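Below is one structure, written out as structure tokens; comments come after it.
Numbering (this note's numbering), first residue to last: 5 to 249.
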């Protein structure tokens with residue numbers, strides 16, 4: 005049994021506007037229904053077991069204005085591509101974000117609602133990920149998070165140290181899921197979370213029971229009576245287990 009990472013989920017005051025920004029940023033398309041906008045490649049079918057990790061933007065009255073524990077890293081193929089992408093993102097409404105890291109080869113930006121992300125310099129490891137190189141989560145213990153999330157999704161660890169852990173689908177496609185040691189993560193509220201879904205034919209309730217046995221806990225974020233189940237990982241990061249389509 006395992007789950008599939010289907011999307012990174014962001015909160016926003018204006019989901020359709022932020023969704024259009026990310027669609028333009030990634031070269032994808034956005035589709036909106038009241039209160040939610042999905043961003044995915046053209047022709048995307050989310051129940052496809054080989055579908056890429058996408059972006060979902062959910063409208064809320066007052067999203068937190070503090071730093072997120074999760075972010076996107078965008079891939080580039082050359083120095084020229086990185087320069088052109090940064091310029092285009094700024095034209096779309098992204099703004100420079102001071103991450104206090106000094107002279108680094110990547111560029112830190114914030115989207116129009118303040119979600120921080122990075123445009124990476126060209127790296128061989130990300131050459132085949134698509135526009136999203138990695139979904140990065142700040143944490144206290146990368147090794148423990150790698151163990152937990154590796155069991156959740158049956159992804160393959162590619163690097164695990166005390167400061168950084170990197171996982172990827174066993175099929176070798178799509179972005180990496182990375183955990184980065186960071187200080188004071190327990191004081192950071194959540195504007196972004198991960199959504200996972202059982203494979204076709206698997207049972208949502210059985211998967212939830214499995215995750216609880218692995219160390220997840222149930223979480224109440226005011227979701228009410230919905231088809232998905234909200235859990236938190238061992239470090240308190242909420243995530244949703246969607247019902248298989």
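In this text, a Cβ means the ideal position worked out from N, Cα and C, and glycines have one as well.
These numbers were taken from a predicted model, which means no experiment stands behind them.
Pair within 8 Å by beta-carbon distance, residue i and residue j
i, j, result
"residue 148", "residue 161", "no"
"residue 60", "residue 199", "yes"
"residue 116", "residue 134", "no"
"residue 8", "residue 201", "yes"
"residue 18", "residue 40", "no"
"residue 11", "residue 64", "no"
"residue 32", "residue 53", "no"
"residue 124", "residue 78", "yes"
"residue 80", "residue 89", "yes"
"residue 157", "residue 6", "yes"
Cβ-based neighbour list, residue i, same chain, cut-off 8 Å, excluding 5 preceding and 5 following
i, result
"residue 168", "146, 182, 183, 184 and 185"
"residue 227", "234"
Nearest-angstrom Cα separation, counted from residue j out to residue i
i, j, result
"residue 144", "residue 224", "22 Å"
"residue 43", "residue 110", "24 Å"
"residue 188", "residue 241", "14 Å"
"residue 22", "residue 14", "9 Å"
"residue 137", "residue 76", "8 Å"
"residue 142", "residue 249", "30 Å"
"residue 127", "residue 175", "20 Å"
"residue 232", "residue 164", "30 Å"
"residue 87", "residue 177", "25 Å"
"residue 222", "residue 216", "8 Å"
"residue 238", "residue 203", "23 Å"
"residue 37", "residue 62", "10 Å"
"residue 55", "residue 108", "32 Å"
"residue 85", "residue 214", "43 Å"
"residue 49", "residue 166", "37 Å"
"residue 24", "residue 93", "12 Å"
"residue 206", "residue 51", "12 Å"
"residue 70", "residue 16", "With a pLDDT of only 43 at residue 70, under 50, the local geometry of the prediction cannot be trusted, and no value is derived from it."
"residue 155", "residue 243", "15 Å"
"residue 179", "residue 47", "19 Å"
"residue 91", "residue 140", "23 Å"
Nearest-angstrom beta carbon gap, residue j and residue i [assumed within contact, 8 Å]
i, j, result
"residue 245", "residue 211", "6 Å"
"residue 247", "residue 208", "5 Å"
"residue 220", "residue 74", "Actually they are not in contact, since the Cβ atoms of residue 220 and residue 74 sit about 16 Å apart, beyond 8 Å."
Proximal residues to residue i (C-beta, below 7 Å), its chain only, five neighbours per side dropped
i, result
"residue 101", "112, 113, 114 and 120"
"residue 173", "159"
"residue 152", "218, 219, 237 and 238"
"residue 99", "113 and 114"
Sheet register partners of residue i (DSSP bridge)
i, result
"residue 94", "DSSP, once it has assigned bridges, lists no residue as partnering residue 94."
"residue 155", "Per DSSP, none; premise fails for residue 155."
"residue 197", "13"
"residue 122", "77 and 112"
"residue 180", "138"
"residue 128", "Its beta-bridge partners do not exist; DSSP assigns none."
"residue 168", "184"
Beta-carbon proximity list for residue i, same chain, < 6 Å, skipping 5 on both sides
i, result
"residue 27", "33, 34 and 43"
"residue 122", "77, 110 and 112"
"residue 118", "none"
"residue 132", "none"
"residue 130", "79 and 137"
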